[in-house]
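The structure appears below as structure tokens.
Protein chains in written order, with my numbering: chain A, 1 to 414; chain B, 415 to 789.
Shown next as structure tokens:
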């Protein structure tokens with residue numbers, strides 16, 4: 001048991017470190033380091049442009065999408081090298097969050113299901129950040145139950161004609177392309193009538209409307225499709241096999257380990273270390289210490305769980321569904337941490353303006369953004385189902401709509 | 415990086431699991447639970463023969479000289495099997511104290527006896543209510559003669575010797591505490607068994623009246639040695655707790671698959687599934703924290719104090735969480751004497767207290783994190 005690199009890993013780390021040291025946009029490092037959930041904007045620059053410039057620089061030098069094959073814009077690295085890169089990239093890695101959907105989910109799906117010429121055309125600019133991709137899965141009637149979606153795709157000559165609505169689409173407002181899951185046969189059970197495509201987001205008939213979130217920010221969108229035409233050669237996988245294609249996407253989502261999930265704990269510990277309460281420093285208060293200790297062991301437990309997964313990866317083992325615990329634990333923890341940080345501020349915790357609030361309002365921003373982390377990419381409840389069914393081997397939920405044609409499934413509770 | 419046990423260590427774990435499955439079925443603990451024996455002597459002998467008692471004791475002192483990572487994997491299996499033997503008091507506490515502070519003669523006398531299963535040892539630290547602290551050590555030592563009462567002492571009624579914390583000064587600070595080695599079969603010692611939460615692991619009150627004792631380690635260094643012993647024991651005990659938590663989770667999972675209610679396996683109800691998923695989460699976090707503790711222990715890293723406290727808290731929470739919810743999954747059956755659920759529930763709650771309470775370790779963890787951040 002050790003934390004040491006192998007000689008090859010050490011060499012890779014040294015090369016990566018040197019390159020990052022010479023090329024990273026250092027003027028933003030401090031700001032990126034201090035950014036946390038709910039506050040990842042740069043004060044005097046457009047974060048998307050900064051992120052695109054950094055990604056392009058990486059791509060030109062062969063450091064983009066490390067584990068992708070070289071011919072598609074990657075480096076052909078091992079999973080462990082990807083993790084080492086993430087460790088070395090540090091705070092600058094927060095910039096690549098702008099591309100996480102494209103790199104983590106769309107790219108691998110295109111790689112698995114698109115025709116070769118499309119892969120060579122579309123993947124390199126996706127890897128380099130020149131083109132941004134989004135994932136058009138969720139709908140008002142299909143969130144956790146993705147297969148309940150209603151966006152129709154109907155064949156018309158060599159094209160498919162799309163009509164319907166998607167929702168919760170991260171980054172659609174600045175995306176160039178998207179992968180789209182549609183219903184192509186409503187007369188069969190819901191999982192059996194879906195088909196996946198990719199499309200140009202600038203196609204006629206695509207309308208993106210930003211959603212104002214509970215936090216006040218707008219990272220997500222509604223996307224409307226009115227007679228949008230997609231050529232058949234942009235289909236991913238077979239007609240009516242879209243569910244299996246989407247499973248590849250979702251599996252890849254859960255494979256994206258190593259980046260480390262945000263828990264809010266380091267921020268809270270720092271804050272408590274300097275905060276003075278009426279009866280002395282917060283960190284010397286017994287109640288505060290007890291709360292901190294309980295979160296500390298969750299944060300370290302997640303950290304070392306991810307190290308165990310990385311070790312498994314480096315031995316060539318595939319990470320399993322046990323990695324679902326990161327999001328499950330961190331999601332509700334960051335919400336609780338933010339709530340507690342405000343409680344420590346007393347009545348003044350209600351003030352959230354960065355100029356007036358404690359530590360520039362970071363915990364207020366965290367509190368308002370946190371509910372989203374418990375929902376996006378699968379709710380806590382879905383994560384618990386995954387653990388119970390795939391790790392512990394418990395029975396799947398009873399699905400009363402399993403064998404019912406989609407167009408016979410009731411659409412309203414009352 | 416390889417943040418995992420080696421193949422050899424995993425093989426040792428399999429060997430220990432197989433051995434304990436055969437020699438320590440649940441009914442073994444019941445013999446002790448029902449008061450028919452103070453501990454499982456045959457199992458103890460078997461553990462010695464397998465080399466498990468001395469796995470981390472150097473060969474020159476009669477052990478296998480393997481190391482602490484090997485001891486961690488065995489500890490996990492001891493917890494999984496709910497073994498009714500004085501393993502933790504002898505191996506984590508007494509042997510580690512000797513390894514840290516014992517003279518050559520003391521090591522030669524006791525360590526081979528531990529490895530061969532002839533000697534049971536323990537640590538006599540607590541004196542009634544309260545957590546480990548120099549102020550709570552009231553038993554006095556003057557000219558190598560002890561006077562005072564220790565309780566509870568784990569496995570005190572069956573131990574051959576004890577490491578005893580005593581006061582050798584009057585300021586009430588750390589430098590006043592010294593450790594002594596006492597042969598419990600010698601004069602001046604009175605032992606009384608105490609009824610306790612987990613009868614498969616005895617607790618005792620030991621009174622020392624003008625009892626002669628030899629110093630263990632230098633005078634005035636007792637507290638610093640004790641801190642090291644407790645940190646090491648915290649990691650080892652965490653593995654025992656992780657083993658217990660995993661077993662409790664498994665029992666709950668198996669029952670949820672077997673039991674039918676409302677025409678369905680109860681494991682198909684989300685309320686039950688989610689309870690089991692949460693048990694898995696806490697057991698996994700505890701395992702990962704314990705691995706970090708194992709790494710720190712085996713490399714004697716500067717991170718050990720912090721890693722030990724984190725492992726201790728996480729594993730205590732996980733075992734308690736899994737043991738109590740295992741009963742909940744079993745419903746009324748889980749609350750019967752016949753089902754084994756309560757044995758893990760008892761063990762989880764007894765282990766949670768043996769090295770000082772959760773609040774003590776929470777306090778330790780934050781102190782140690784502050785120290786690290788300041789450095």
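Ideal Cβ placement from N, Cα and C applies to all residues, glycine included.
Check: Proximity test, Cβ basis, 8 Å: residue 397 of chain A and chain B; Outcome: yes
Check: Under 9 Å from the C-beta of residue 340 of chain A: neighbouring residues of chain B; Outcome: Result: empty, since nearest Cβ-Cβ is about 15 Å, beyond 9 Å.
Check: Closest by C-alpha distance to residue 363 of chain A, when choosing among A:325, A:5, A:19 and A:36; Outcome: A:36
Check: Residue 375 of chain A - containing beta strand (DSSP E), residue span; Outcome: It is not in any beta strand (DSSP E) - residue 375 of chain A carries neither H nor E in the DSSP assignment.
Check: Closest Cα partner of residue 187 of chain A within the set A:413, A:403 and A:414; Outcome: A:403
Check: Endpoints, the alpha helix (DSSP H) within which residue 484 of chain B is located; Outcome: 482-494
Check: Residue interval of the beta strand (DSSP E) (run including residue 563 of chain B); Outcome: 559-568
Check: Reduced DSSP category for residue 469 of chain B - H, G, I as helix; E, B as strand; rest coil; Outcome: coil
Check: For residue 407 of chain B, the nearest candidate out of B:430, B:532, B:763 and B:721 (CA to CA); Outcome: Here chain B comprises residues numbered 415 to 789, so residue 407 of chain B is not present and cannot be evaluated.
Check: Under 7 Å from the C-beta of residue 308 of chain A: neighbouring residues of chain B; Outcome: 417, 418, 702 and 705
Check: Separation of residue 312 of chain A from residue 210 of chain A, as counted between CA atoms; Outcome: 40 Å
Check: Inter-stretch contact at 8 Å, needing at least 3 Cβ pairs: the region 93-103 of chain A / the region 146-165 of chain A; Outcome: no
Check: Cβ separation of residue 570 of chain B and residue 618 of chain B, assumed to be a contact under 8 Å, to the nearest whole Å; Outcome: 3 Å
Check: CB contact below 8 Å: residue 490 of chain B versus chain A; Outcome: no
Check: Burial state of residue 233 of chain A, where buried means 16 or more other Cβ atoms lie within 10 Å; Outcome: exposed
Check: Alpha carbon of residue 199 of chain A to alpha carbon of residue 180 of chain A, nearest angstrom; Outcome: 7 Å
Check: Listed by chain order, chain A residues near residue 681 of chain B by CB distance under 7 Å; Outcome: 394 and 395
Check: 9 Å Cβ cut-off: residues of chain A touching residue 727 of chain B; Outcome: 293, 294, 296 and 297
Check: CB contact check: residue 334 of chain A to chain B, cutoff 8 Å; Outcome: no
Check: Which residues DSSP lists as bridging residue 131 of chain A, in chain order; Outcome: Answer is none; residue 131 of chain A lacks a bridge partner.
Check: Segment contact, 8 Å Cβ cut-off, at least three pairs: the region 629-649 of chain B with the region 679-691 of chain B; Outcome: no
Check: CB contact below 8 Å: residue 325 of chain A versus chain B; Outcome: yes
Check: Classification of residue 676 of chain B by the beta-carbon crowding that lies within 10 angstroms, buried from 16 upward; Outcome: exposed
Check: Pairwise C-alpha distance: residue 746 of chain B and residue 670 of chain B; Outcome: 13 Å
Check: DSSP state of residue 731 of chain B mapped onto helix, strand, coil; Outcome: helix
Check: Residue 446 of chain A vs residue 325 of chain A beta-carbon contact at 8 Å; Outcome: Since the first and last residues shown for chain A are 1 and 414, residue 446 of chain A lies out of range.
Check: Contact belief for residue 177 of chain A with residue 201 of chain A at Cβ below 8 Å, rounded distance in angstroms; Outcome: 6 Å
Check: Check whether residue 546 of chain B and residue 774 of chain B have beta carbons under 8 Å apart; Outcome: yes
Check: DSSP-derived helix/strand/coil call for residue 38 of chain A; Outcome: coil
Check: Contact belief for residue 334 of chain A with residue 370 of chain A at Cβ below 8 Å, rounded distance in angstroms; Outcome: 5 Å
Check: Outcome for residue 654 of chain B when other beta-carbon atoms lying within 10 angstroms are tallied against a minimum of 16; Outcome: buried
Check: Meets three-Cβ-pair contact criterion under 8 Å: the region 266-286 of chain A and the region 142-151 of chain A; Outcome: no
Check: For residue 455 of chain B and residue 550 of chain B, the rounded distance between their alpha carbons; Outcome: 34 Å
Check: Proximal residues of chain B, C-beta to C-beta of residue 3 of chain A below 8 Å; Outcome: 415, 417 and 709
Check: Buried or exposed by the 16-neighbour rule on C-beta atoms within 10 Å, applied to residue 656 of chain B; Outcome: buried
Check: Short-range partners of chain A found in the region 467-491 of chain B, where Cβ spacing is below 7 Å; Outcome: 483
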